[in-house]
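*Asks:*
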Amino acid sequence: VLGKKTIDEDLIEELEEVLIGADIGVKTSYDILESVGDRVRRKELGDADALKNAIKEEIQAILHREESVFTFKPEGPTVMMVVGVNGVGKTTTIGKLALRYKKEGKNVLIAAGDTFRAAAIEQLQIWAERAGIDIVKHHDGADPAAVAYDSIEAAKARGADLLIVDTAGRLHTKINLMEELKKIKRVMTKVIPDAPHEVLLVVDATTGQNAISQAKLFNESVGLTGLAITKLDGTPKGGVIIAIADELDIPIRYIGVGEGVEDLRDFNAAEFVEAIF
Amino acid sequence: GLTEKLNGVFKALKGRGKLTEKDIDLVLKEIRMALLEADVNFKVAKQFVAAIRERAVGQEVLESLTPAQQVIKIVRDEMTSLLGEKRCDLDLGARPPVTILLTGLQGSGKTTTCSKLARRLKNEKKKVLLVPADTHRPAAITQLKKLGQDLAVDVYNSDPSISPLEISRKALEYARTNTFDVVLIDSAGRLQIDEPLMQELCEIKEAVDPKEILFVADAMTGQEAVNVALEFDKVLDITGVILTKLDGDARGGAALSIKAVTGKPLKFIGTGEKSDALEPFYPDRMASRILD
Ligand SMILES: Nc1nc2c(ncn2[C@@H]2O[C@H](COP(=O)(O)OP(=O)(O)OP(=O)(O)O)[C@@H](O)[C@H]2O)c(=O)[nH]1
Ligand SMILES: Nc1nc2c(ncn2[C@@H]2O[C@H](COP(=O)(O)OP(=O)(O)OP(=O)(O)O)[C@@H](O)[C@H]2O)c(=O)[nH]1
Ligand SMILES: [Mg+2]
Ligand SMILES: [Mg+2]
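Chains A and B supply the protein sequences, listed in that same order.
Following the numbering used here, the numbering of the first sequence begins with 996 at its first residue and continues without gaps.
Following the numbering used here, the numbering of the second sequence begins with 700 at its first residue and continues without gaps.
Pasting the structure below:
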């Protein structure tokens, strides 16, 4: 659409709108335009198309570094803990991951670690049934750390390859809830010293700049080893993950592109950047 | 927040004597950046800044001894009035049973908000019927049933094998027969670009003629809040907005974006996961939150 247009004020404003409109954020957008602007000033970029491609390359460089597939431990159950704020798609993502890895021949077990929200256990139970895998659960109001403990014991006993632990949604600013998450993590180490092997933060693509705060605080509390961004089948672009990648350097594992069990893909930087434009 | 930023900008400008329009442009740029950082939509931020530019280049600022304070006041006043001059409550002005339909994107907090509204209405001595009309999400009906049980509020026994439209119709019939005052219908989360699902909401609206169609939006929503809200409003002619998860640190710029493009009143805010965590929306408090 921009084609052979000359590079001028209007074009820069147009690109600004695209970047900010994709939730890339003011600071990150300006940084990108600034760095690409140098190349414009040095006459390296001749027209709008060249400029647009330079921007894409800039973003792709940041994101490409985070393309990193989830890998399993050579022996013993690999434990994945899924965390994030309320309603982002943790439980649904676990349902998708469970089936996917089962199809890859893995022995998968999931744990209903959300003992707080109404029908959270029932919801995950249905996903377990859909995938045809076992679920470890207690009752509503049980201690999530106890569920985590039991599930790791069960994973070891059954020779599970993968254990995915669901946790209740929680706002990153709630100290007591973040402490609860730390406790769940501590309890896991009692059974398997280096568990959890993956702490996956789920971020909703409709989220604006608050996702940066989420990533920072969850990282500070439990240390993140992976990111998943959901609801990319909607109109939001999820550009906030660029700032997260730039600042925290956490691998981006998966993207959610729908509510069905098959709607999960490995993160691909090129496709992600293409979708922004 | 914005106050410190503007104080900094004005301090740097002060040394040069009387303020010029060009100086004000610098100040406006700072304001626009602050709004964008708070997730206000790009176009909405631009319009907002253009609107206050008029006042910012007037006497009250250029001749003021405390120009930063003047500008902050203008910004705050303008934002508060944009967000809605006064409190706006639920409209229950119809022959009972009055129907309220909750809509929005996936995970925004509709089901939880339904239970919060039920509790509020029960406290106002209304006989409330909660209607789980989400037959798609696993255990959605169970979720609303459990929430209703905790509140001792009746929950319609939705049959998951029939359509949400049929459930809504039957539930309204049930409400009439059993003299309920208010019917709260919880719908499945959906994308505004999902035509069949948006059409489904239209059909439910047609069938039960809701007095309120509430758009439930997550306070941490980014730039797309505008497109999502516009589409829901265009298709359904929503009557109000509820912004959830304001107990976090999301600045909530989506509130300004949604109000600016739909013109529909922001009625309540969600401030927690429990059924008592629903508060009326106060424009001045929201303005402070976005600006600070
Ligand atoms: N369109 C779309 N919807 C999604 C996606 N992932 C999850 N959802 C929907 O988002 C809503 C919330 O998903 P959940 O899995 O319950 O989210 P959660 O993070 O576990 O929520 P809490 O446990 O309450 O914090 C559901 O309606 C899901 O179907 C996605 O990739 N695309
Ligand atoms: N902290 C906080 N959490 C909230 C608030 N409102 C809802 N939630 C939580 O957000 C998550 C999603 O809430 P739901 O009520 O299931 O959302 P929904 O819109 O019905 O989701 P779908 O039906 O899947 O579209 C749950 O974990 C709720 O407890 C709020 O105001 N504050
Ligand atoms: Mg969940
Ligand atoms: Mg719901």
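Note that CB positions come from ideal geometry on N, CA and C, so glycine has one too.
Values in this document were obtained by computation on a predicted structure and should not be read as measured data.
(1) Within 9 Å (strictly less), CB to CB, does residue 1226 of chain A reach chain B?
(2) From this set, A:1120, A:1128, A:1059, A:1262, which residue's C-alpha is nearest residue 1134 of chain A's C-alpha?
(3) Is residue 1173 of chain A closer than 9 Å to residue 1216 of chain A when the C-beta atoms are compared?
(4) Is residue 1115 of chain A near ligand 1, judged by its Cβ being under 8 Å from some heavy atom?
(5) Mind checking which residues open and close the alpha helix (DSSP H) that includes residue 1073 of chain A?
(6) Contact criterion: CB-CB distance below 9 Å. Does residue 897 of chain B meet it with respect to chain A?
(7) When you compare the CB of residue 1162 of chain A with every CB in chain E, is at least one pair closer than 9 Å?
(8) Using a Cβ-Cβ cutoff of 7 Å, what residues of the stretch 784-817 of chain B are near chain A? List them in chain order.
(9) Thinking C-beta only, is residue 1076 of chain A closer than 9 Å to residue 1201 of chain A?
(10) Rounded to the nearest angstrom, what separates residue 1062 of chain A and residue 1124 of chain A at their Cα positions?
(11) Which ranges does the alpha helix (DSSP H) cover as unbroken runs of at least 4 residues, wholly within the stretch 752-779 of chain B, from first to last along the chain?
(12) Who does residue 1106 of chain A pair with in a DSSP beta bridge?
(13) Find out if the Cβ-Cβ distance for the pair residue 846 of chain B, residue 833 of chain B is shorter than 9 Å.
(14) Keeping to the same chain, check which residues put their C-beta closer than 6 Å to that of residue 740 of chain B; ignore five residues upstream and five downstream.
(15) Tell me whether residue 810 of chain B, by its Cβ, gets closer than 8 Å to a heavy atom of ligand 3.
(16) Which bits of chain A does residue 978 of chain B rub up against, with CB to CB less than 7 Å?
(17) Touching or not, the stretch 860-870 of chain B and the stretch 898-911 of chain B, by the rule of three or more beta carbon pairs under 8 Å?
(18) Between residue 950 of chain B and chain A, is the shortest Cβ-Cβ distance under 9 Å, so that the two count as touching?
(19) Would you say the beta carbon of residue 1081 of chain A comes nearer than 8 Å to a heavy atom of ligand 1?
(20) For residue 922 of chain B, go through chain A and note every residue whose CB falls closer than 9 Å to its CB, in chain order.
(21) Using a Cβ distance threshold of 8 Å, determine whether the stretch 1085-1103 of chain A contacts the stretch 1255-1265 of chain A, with at least three qualifying pairs required.
(22) Which parts of the stretch 879-966 of chain B are runs of the alpha helix (DSSP H), unbroken and 4 residues or longer, counting only runs that do not cross its ends?
(23) Could you check how far apart the C-beta atoms of residue 1102 of chain A and residue 1156 of chain A are, in whole angstroms? I think they sit under 8 Å.
(24) Would a C-beta distance cut-off of 9 Å place residue 881 of chain B and residue 797 of chain B closer than the cut-off?
(25) Whose C-beta lies closer than 6 Å to the C-beta of residue 1058 of chain B among residues of the same chain, with five residues either side of it excluded?
(26) Straight-line CA distance for residue 1145 of chain A to residue 1190 of chain A?
(27) So is residue 769 of chain B buried or exposed if we call it buried at 16+ other beta carbons inside 10 Å?
(28) Note down, in chain order, each residue of its chain lying with its Cβ closer than 6 Å to the Cβ of residue 800 of chain B, except the 5 sequence neighbours on either side.
(29) Give every residue of the same chain whose Cβ lies closer than 6 Å to the Cβ of residue 719 of chain B, excluding the five residues on either side of it in the sequence, and list them in chain order.
(30) Please confirm if residue 1084 of chain A has its CB atom under 9 Å from at least one CB of chain B.
(31) Tell me the DSSP bridge mates of residue 978 of chain B?
(32) Rounded to a whole number of angstroms, what is the C-alpha to C-alpha distance between residue 1092 of chain A and residue 1066 of chain A?
(33) Below 8 Å on C-beta distance, what does residue 1081 of chain A contact in chain B?
(34) Quick check: the Cα distance between residue 838 of chain B and residue 1116 of chain A, rounded to an integer number of angstroms?
(35) To be precise: take each residue of the stretch 1208-1219 of chain A, compare its Cβ to all Cβ atoms of chain B, and keep it if any distance is under 7 Å. Which residues remain?
(36) Compile a chain-ordered list of the residues in the stretch 726-753 of chain B whose CB is closer than 7 Å to at least one CB of chain A.
*Replies:* Let's see:
(1) By the rule that beta-carbons nearer than 9 Å mark a contact, residue 1226 of chain A touches chain B.
(2) Residue A:1120 holds the alpha-carbon nearest to the alpha-carbon of residue 1134 of chain A among A:1120, A:1128, A:1059, A:1262.
(3) Yes; because the gap between Cβ atoms is below 9 Å, this pair is in contact.
(4) Inclusion of residue 1115 of chain A in the 8 Å shell around ligand 1 follows from its C-beta lying nearer than that to a non-hydrogen atom of the ligand.
(5) That residue, residue 1073 of chain A, is in no alpha helix (DSSP H); its beta strand (DSSP E) goes 1073-1078.
(6) Using beta-carbon distances, residue 897 of chain B does not count as an interface residue toward chain A, since no partner is under 9 Å.
(7) The chain labelled as chain E is not found among the protein chains of the depicted structure, namely A and B.
(8) So the list reads 804, 805, 806, 807, 808, given in the order they occur along the chain.
(9) No Cβ-Cβ contact shorter than 9 Å links residue 1201 of chain A with residue 1076 of chain A.
(10) Distance between the alpha carbons of residue 1062 of chain A and residue 1124 of chain A: 31 Å.
(11) Taken in chain order, the unbroken stretches of alpha helix (DSSP H) that lie wholly in the stretch 752-779 of chain B and span 4 residues or more are 758-761.
(12) DSSP lists A:1131, A:1160 as the bridge partner or partners of residue 1106 of chain A.
(13) It is not a contact, given that the beta carbons lie outside the stated cut-off.
(14) Taking C-beta separations shorter than 6 Å and ignoring five residues to either side along the sequence, the partners of residue 740 of chain B in its chain run 922, 925, 956, following chain order.
(15) Because no heavy atom of ligand 3 lies under 8 Å away, the Cβ of residue 810 of chain B does not count as near it: no.
(16) Those do not exist, as residue 978 of chain B stays about 16 Å from chain A at its closest Cβ, beyond 7 Å.
(17) Three or more Cβ pairs closer than 8 Å define a contact, and the stretch 860-870 of chain B meets that threshold against the stretch 898-911 of chain B.
(18) With 9 Å as the cut-off, residue 950 of chain B counts as an interface residue toward chain A.
(19) Because some heavy atom of ligand 1 lies under 8 Å away, the Cβ of residue 1081 of chain A counts as near it: yes.
(20) Those within 9 Å of residue 922 of chain B in chain A are 1015, 1016, 1017, 1018, 1203, 1231, 1232, 1234.
(21) A contact exists between the stretch 1085-1103 of chain A and the stretch 1255-1265 of chain A.
(22) Within the stretch 879-966 of chain B, the runs of alpha helix (DSSP H) at least 4 residues long that lie entirely inside it are, in chain order, 894-907, 924-935, 952-961.
(23) Their Cβ separation, rounded to whole angstroms, is 5 Å, which keeps residue 1102 of chain A and residue 1156 of chain A in contact under 8 Å.
(24) The Cβ atoms of residue 881 of chain B and residue 797 of chain B lie closer than 9 Å to each other.
(25) Look at the range of chain B in this structure, 700 to 991, and you will see that residue 1058 of chain B is not part of it.
(26) A direct Cα-to-Cα measurement between residue 1145 of chain A and residue 1190 of chain A gives close to 13 Å.
(27) Of the residues assessed, residue 769 of chain B falls on the buried side of the cut-off, its CB having 16 or more other CB atoms within 10 angstroms.
(28) Closer than 6 Å at the Cβ level, and outside the excluded window around residue 800 of chain B, lie 884, 909, 912.
(29) Around residue 719 of chain B: no qualifying Cβ.
(30) It does: the Cβ of residue 1084 of chain A has a partner Cβ on chain B nearer than 9 Å.
(31) Secondary-structure assignment with DSSP links residue 978 of chain B through a beta bridge to B:968.
(32) Distance between the alpha carbons of residue 1092 of chain A and residue 1066 of chain A is about 13 Å.
(33) Residue 1081 of chain A reaches chain B at 806, 808, 944, 972, counting residues in chain order whose Cβ is nearer than 8 Å.
(34) Taking the straight line from one Cα to the other gives about 9 Å.
(35) Within the stretch 1208-1219 of chain A, the qualifying residues are 1208.
(36) When C-beta distances to chain A are compared with 7 Å, the residues of the stretch 726-753 of chain B below that value are 732, 735, 736, 738, 741, in chain order.
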